[in-house]
Every structure is written in structure tokens, then in C-alpha cells.
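Trainee: Using numbering that gives the first Met the number 0, you'd call the opening residue of the sequence shown number 0 and step up by one each time.
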Amino acid sequence: MSDPTAGPFARLKRPLLYLMSAAYVLAGVAHLLAPEPFERIVPRELPRPRLLVTLSGVAEIGLGIGVLIPRTRPAAAKGIVLLLAAVFPANVNMAVRDLDLAAVDDVPDAALWARLPLQAVLAAWAWWYTTPLPERAE
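Now the structure itself:
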């Protein structure tokens, strides 16, 4: 069996971890500080959009921090995958109903639809951290 930490991207795994962590923490903070744009994309069929946005923001912050801690990294990475699955309906809703997320009006339809497969890339990126980081060069 091959070493899961080997390969062409092995040396990028640690820096990309820090980038991913920062992205989730910042996204979570944005959900908490400015929830209204995120509430707009919660499907109408789901109750209590503010609560859902708050919960997703707290989860993003917690998971973003969790992936930095070696002991919690695999579970936090799996949690990010689950979180991406949980918020996927909001991304679909945004595309189907042509909703704007931020202060930017008239987001091109192509960008809204392109965001959907991007979620799989983000999930694969998070899943990468369910295996150990390569050892640091001494």
C-alpha cells in the first residue's frame, strides 16, 4: 500500500491546511457578523434561517480551528465534508432562484452554477486531512 502522504502535492499539504482553516474561520465569522445575505439563500422550506446561518457559522469556526489540532484533525475534516453536504441545498437554492449572496448584484448564472461542483472540490480538499500530514523536514 502506498503512503497516503506521498505524491506531488505532499509538500503543499501543510500550507494548504492553514489556508483551508483560515477560509472556514473567516467564513464562519462572516456568517455571524453579517447573517442577512446568508439567510437569503436558505431554502424557504427550511425553518429559522437565522438559526441555521448561526449554526453553520459556529460550525465553520469550530471545524476550521479543529483541523489545526492534530488530534482532532481527522474528525474536523470529516465534519467539514458533512457541513458542505448540509449547506449544499442553500447553494442549489441560490443557483435555482438566482439569488445574490453579497453586496455584489447580478452574479452571473454561470458563477452560481459553477459553485455547485466546487463543493465537491472543497469536500475532497477537506477529506485529504483525514490522513496524516507528511513529516516535517528537519
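Every residue, glycine too, gets a C-beta built ideally from N, C-alpha and C. None of these values were measured; they are calculated from a predicted model.
Specify, as a first and last residue, the run of the alpha helix (DSSP H) that residue 72 falls within.
Mentor: Here the alpha helix (DSSP H) through residue 72 covers 72-95.
Trainee: Given residue 65, which residues of its chain have a CB within under 6 Å of its CB, disregarding the five upstream and five downstream residues?
Mentor: Excluding positions up to five away in sequence, the list reads 71 and 75.
Trainee: Could you tell me the boundaries of the alpha helix (DSSP H) in which residue 38 lies?
Mentor: Its alpha helix (DSSP H) spans residues 35-40.
Trainee: To which residues of the same chain is residue 67 closer than 6 Å at the C-beta, ignoring the five residues directly before and after it?
Mentor: These residues qualify, in order along the chain: 20.
Trainee: Taking residue 27 as part of the alpha helix (DSSP H), name the residues at either end of that continuous run.
Mentor: Looking at the DSSP string, the run of the alpha helix (DSSP H) that includes residue 27 is 12-32.
Trainee: In the structure shown, what three-state DSSP assignment does residue 137 receive?
Mentor: Note that residue 137 scores 34 on pLDDT, short of 50, meaning its location in the model is unreliable and no value can be drawn from it.
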